[in-house]
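Trainee: The opening residue of the sequence shown carries number 27 in the working numbering; numbering runs sequentially from there.
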Amino acid sequence: MTRTLSARRCAWRGLLLDEARHFFGKDAVKALLERMAEHGLNVFHWHLTDDQGWRLDLPGMPELVRFGAMRASSPRPGEDASSDGAPYGPFFYTARDIREIVGFAGALGIRVVPEIDLPGHVRALLAAHPELACEGAEFPREPLCTWGVCEDVLCAGSDEAVDFCGRILEAVCDLFPSEFVHLGGDECPTARWRSCPRCRERIRAEGLPDEAALQGWLTRRLAEKLAARGRRTVVWNEALRRGDLPPSAVVQVWCGNPAAEAAAAARKGHDVVLSPVQETYFTLPEGLPGDPYRYRAWVLENGWTLPADRVRAFDPFSFVPPDLAGRVLGGECCAWSESIHDRAELEYKVLGRLAAFGEALNRPF
Ligand SMILES: [Zn+2]
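Here it is, written out as structure tokens:
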């Protein structure tokens, strides 16, 4: 399976760009794709939906960007608890933009893997379609204006919500030719499901042990829909803790003990992509003198930095025992954008380490 990506040691040499928290636009994305190609990277993981913004105008679903592509304010840089009071957006890509960028990437030998984060990180989706929340129509019609994990998630007990996700994925498959579609699945609190009558009924009817298993149930359904379109599902590693997934699903490891998480996923028969925070998150400061930019409080509190030398030393195969090495597709560096506000900041925080990451993943056997 890895050979469908590349015959090199690391078949998956990726970069994640989060355009939900901040939006950079076509020119910045194309410039980034060109740098990726120069450094031998071949997977552009495009994080297009989250609590704070929905950046994808899908045919026949105008509400998504009408309500989901703009938020009333954002936290001030480096001060998560304060608001800048400034409306942000509307920012989104049209179907035509997407096709243009997918074609541009393809000409550079880069595949574009879209991420539609479900069933958590969906406040912007619920802003567009309040009826898909556990609370129903009373839900506020605006994306989240703060960072962090949000308790508002998709109502997994609602047939309408499950069907709507299926329609979204159909439209995504129409736009993106990639064999892989990322369903997110990270940071999904279960508090709403615990008190929602429809979710309680789903848990009972499906014979599920608890609310956590409801996420596994939903992800399996959505993975089946993608499989029917010939696509493989990718999820973040927490999703696997919420129930088994089809073995064809790829697990991207970022949190917990990365070695243990990667080995557990590989033992279940999943291919894995390694994105451990302390090796691949460009949200950590590089530690350069005179760095003019701000970083998230949790990063600074941990005292974490990610110098280019550490990126250059990254080896995704070092996280699993040799007998599981065949399950490692490769690695991916991540540019989450809560604390990346514009193109200049994006390029400052990403480009130097992108070169180091390209070296790491193109290392010979
Ligand atoms: Zn519910």
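Backbone N, C-alpha and C fix where the C-beta goes; we use that ideal spot for every residue, glycine too.
Between residue 135 and residue 390, what straight-line distance do the alpha-carbon atoms span, to the nearest angstrom?
Mentor: 19 Å
Trainee: Please list the segments of the beta strand (DSSP E) lying wholly inside the region 205-287, counting only runs of 3 or more residues, in order along the chain.
Mentor: 206-208, 258-262 and 276-279
Trainee: Kindly indicate the opening and closing residues of the beta strand (DSSP E) around residue 148.
Mentor: Residue 148 -> no beta strand (DSSP E), and no H or E assigned at all.
Trainee: CB residue 279 to CB residue 298, shorter than 8 Å?
Mentor: Yes.
Trainee: Nearest by alpha-carbon distance to residue 107: which of 204, 174 and 247 is it?
Mentor: 174
Trainee: According to DSSP, is residue 111 part of a helix, a strand, or is it coil?
Mentor: In the three-state DSSP reduction, residue 111 falls in the coil class, being neither helix nor strand.
Trainee: Kindly indicate which three-state DSSP category residue 171 falls into: helix, strand or coil?
Mentor: coil
Trainee: Measure the C-alpha to C-alpha separation of residue 30 and residue 138 and round it to an integer number of angstroms.
Mentor: The pLDDT assigned to residue 30 is 47, lower than 50, so where the model puts this residue is not dependable; a value taken from the coordinates is nonetheless given after this. Rounded to the nearest angstrom, the two C-alpha atoms are 14 Å apart.
Trainee: Give the C-beta separation of residue 336 and residue 365 to the nearest angstrom, bearing in mind that I take them to be a contact with Cβ-Cβ under 8 Å.
Mentor: 19 Å between Cβ atoms; not a contact.
Trainee: How big is the Cα-Cα spacing for residue 378 and residue 328?
Mentor: Taking the straight line from one Cα to the other gives about 23 Å.
Trainee: So, helix, strand or coil for residue 77, using DSSP?
Mentor: Of the three classes helix, strand and coil, the one that applies to residue 77 here is coil, per DSSP.
Trainee: Whole angstroms are fine: how far does the CA of residue 188 sit from the CA of residue 392?
Mentor: It is not possible to answer for residue 392, since the shown part of the chain is limited to 27 through 391.
Trainee: Between residue 396 and residue 40, is the Cβ-Cβ spacing less than 8 Å?
Mentor: For the chain, the structure presents residues 27 to 391; residue 396 sits outside this window and is missing.
Trainee: What does the Cβ neighbour count give for residue 363, buried or exposed, with the cut at 16 atoms within 10 Å?
Mentor: buried
Trainee: Give a yes or no on whether the C-beta atoms belonging to residue 214 and residue 241 are separated by under 8 Å.
Mentor: yes
Trainee: Give me the Cα-Cα distance between residue 179 and residue 97, rounded to the nearest whole angstrom.
Mentor: 18 Å
Trainee: Any residue with its C-beta under 7 Å from a non-hydrogen atom of ligand 1 counts. Can you list them all in chain order?
Mentor: 160, 181, 182, 183, 184, 218, 219, 222, 224 and 225
Trainee: When the Cα atoms are used, what is the spatial distance from residue 64 to residue 325?
Mentor: 29 Å
Trainee: When DSSP labels each residue in this structure, what does residue 385 get in the three-state scheme?
Mentor: helix
Trainee: Starting from residue 351, trace the beta strand (DSSP E) both ways and give me its first and last residue.
Mentor: Taken as a continuous stretch (DSSP letters only), residue 351 belongs to no beta strand (DSSP E), as it is neither H nor E.
Trainee: Note the first and the last residue of the continuous alpha helix (DSSP H) segment covering residue 195.
Mentor: 185-201
Trainee: When burial is assigned at 16 or more other CB atoms within 10 Å of the CB, is residue 143 buried or exposed?
Mentor: buried
Trainee: What three-state label does DSSP hand residue 370 in the structure shown?
Mentor: helix
Trainee: For residue 38, list the residues DSSP reports as bridge partners.
Mentor: 356
Trainee: What are the boundary residues of the alpha helix (DSSP H) that includes residue 123?
Mentor: 121-133
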